[in-house]
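Here our numbering is used: the first residue of the sequence shown is 1360, the next is one more, and so on. Following: one structure in structure tokens, then a few remarks.
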Amino acid sequence: MRVRVCAGSPVRRLSGAGGRRLAAGVDVDPANAEQLAAWDGDQGVFWARWADRFDAGVGAYREGFLGAAAVERGSVVLDVGCGTGQVTRDVAGVASAGRVVGVDLSSPMLAVARERARGLSNVGFLRVDAQVHPFPEGAFDRVVSRHGAMFFGDAGAAFANLARALRPGGRVVLLSWQGVERNEWVSSFRRIFTGGREAPVSPSPAAGRLVDPDAIRELLGAAGFTGVRVRGVAEPMFFGVDVEDAAGFVEAQFGWMARDLPEEARARVPDALREDLAAHVGARGVRYGSAAWLVEAGR
Ligand SMILES: C[S@@+](CC[C@H](N)C(=O)[O-])C[C@H]1O[C@@H](n2cnc3c(N)ncnc32)[C@H](O)[C@@H]1O
1360 MRVRVCAGSP VRRLSGAGGR RLAAGVDVDP ANAEQLAAWD GDQGVFWARW ADRFDAGVGA
1420 YREGFLGAAA VERGSVVLDV GCGTGQVTRD VAGVASAGRV VGVDLSSPML AVARERARGL
1480 SNVGFLRVDA QVHPFPEGAF DRVVSRHGAM FFGDAGAAFA NLARALRPGG RVVLLSWQGV
1540 ERNEWVSSFR RIFTGGREAP VSPSPAAGRL VDPDAIRELL GAAGFTGVRV RGVAEPMFFG
1600 VDVEDAAGFV EAQFGWMARD LPEEARARVP DALREDLAAH VGARGVRYGS AAWLVEAGR
């Protein structure tokens, strides 16, 4: 996910120990410093504000993901990159005699997650870098992540850390986006906002580190997971109830891509967007094709 502006908060080097940086109270690996700045800054504020739209956007994946996680009543679960916490709450509803810990870098998103989980006694949140946080070894029956494990600067180290946190016999279940060519929403909005030109450099650090299924298998296998299974899943992604509703959200998310366009071309973007959105309106609102990998593994 990328947003228009992403200045984020500056990361101060307070400690050289282990090459880590302590910024705004979080011990973060230097490889994730940009992610911290983005998610704890403007990007996090943006997605905290649009939490409901994101949840609705990927809502078609919700049931399949929860089913694959196969959480049980007494499960102890780690939700990696929990964001505003819909998955954390879904899992908590199933693990009624267990416990769910949501971890994330983003203060604004965690604030929403905490607020929405008020009253759930089996939920806790930590603002930590999941790549390096010293989770208790073998503490979790499940490690789950919906689009939250695609951002690690050092994915090998991160998944080794998560494998250590999972108990033998436990399961990891992840959802991550497939490539642009399988995600109509990205290719359409990119085309519209760039006028078919090359996109400018994103102001936010890139996601998309779990795009190639062979690389995912290799990465998780090397990290200590077993029986890695990568399944392609495709669902419509929701953007709004009607054209204007969707346009407001899409412009806020992709508008930065038009920043280098000549003025005339930029002036054509709003109409081009609305025309494309109108072509994607159906009985269930404005929806575009999307595709993700559902990754399952044991330990
Ligand atoms: C696309 S959002 C997904 C949020 C949530 N899983 C959901 O489905 O609603 C990605 C989340 O990953 C978090 N994240 C990125 N890198 C992280 C890291 N190294 N440690 C913990 N969280 C991280 C971001 O702060 C962000 O909230």
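Backbone N, C-alpha and C fix where the C-beta goes; we use that ideal spot for every residue, glycine too. These numbers were taken from a predicted model, which means no experiment stands behind them.
Can you tell me whether residue i sits near ligand 2, meaning its C-beta is under 7 Å from at least one heavy atom of the ligand?
i, result
"Gly1507", "Looking at this structure, you won't find ligand 2 anywhere; what it does contain is ligand 1."
For residue i and residue j, which I take to be in contact (beta-carbon distance under 8 Å), what is that distance rounded to the nearest angstrom?
i, j, result
"Arg1486", "Asp1449", "21 Å between Cβ atoms; not a contact."
"Phe1597", "Arg1646", "5 Å"
"Val1592", "Ala1637", "With 8 Å as the limit, Val1592 and Ala1637 do not qualify as a contact, their Cβ atoms being about 27 Å apart."
"Met1509", "Arg1568", "5 Å"
"Phe1552", "Phe1613", "5 Å"
Leaving out five residues on either side along the sequence, give the residues of the same chain with a beta carbon under 7 Å from the beta carbon of residue i.
i, result
"Arg1549", "Ala1558 and Met1616"
"Gly1586", "Ala1656 and Gly1657"
"Trp1409", "Phe1608"
"Val1446", "Asp1438, Val1503 and Arg1505"
Alpha carbon to alpha carbon, what distance is there between residue j and residue i?
i, j, result
"Leu1578", "Asp1630", "43 Å"
"Gly1555", "Ser1546", "10 Å"
"Asn1520", "Gly1607", "39 Å"
"Pro1572", "Glu1540", "15 Å"
"Arg1643", "Ala1650", "18 Å"
"Ala1605", "Glu1496", "44 Å"
"Arg1372", "Ala1396", "Its pLDDT being 29, under 50, Arg1372 is placed unreliably in this model, and the value from its coordinates should be taken loosely. Whole-angstrom Cα-Cα distance: 13 Å."
"Ala1476", "Val1453", "14 Å"
"Ala1489", "Gly1423", "24 Å"
"Thr1443", "Trp1406", "8 Å"
Leaving aside the five residues before and after residue i along the sequence, list all residues of the same chain whose C-beta is less than 8 Å from its C-beta, in chain order.
i, result
"Gly1457", "Val1430, Glu1431, Arg1432, Gly1433, Ser1434, Val1435, Val1436, Asn1481 and Asp1500"
Near residue i, which residues of its chain fall below 6 Å by C-beta distance, leaving aside the five closest residues on each side in sequence?
i, result
"Pro1527", "Arg1658"
"Val1502", "Leu1437, Leu1521, Leu1525 and Val1531"
"Pro1621", "none"
"Val1460", "Leu1437 and Gly1483"
"Ala1451", "Val1459, Leu1479, Asn1481 and Val1482"
"Gly1512", "Ala1390 and Asn1391"
"Arg1473", "Phe1484"
"Arg1590", "Leu1653"
Report task. Please determine if the region 1406-1420 and the region 1386-1394 are in contact, where contact requires at least 3 C-beta pairs separated by less than 8 Å. Result -> no
Query raised in the report: Taking three-plus beta-carbon pairs below 8 Å as touching, is the region 1524-1531 in contact with the region 1636-1656?
Result: yes
Query raised in the report: Do three or more CB pairs link the region 1639-1654 to the region 1534-1543 at distances below 8 Å?
Result: yes
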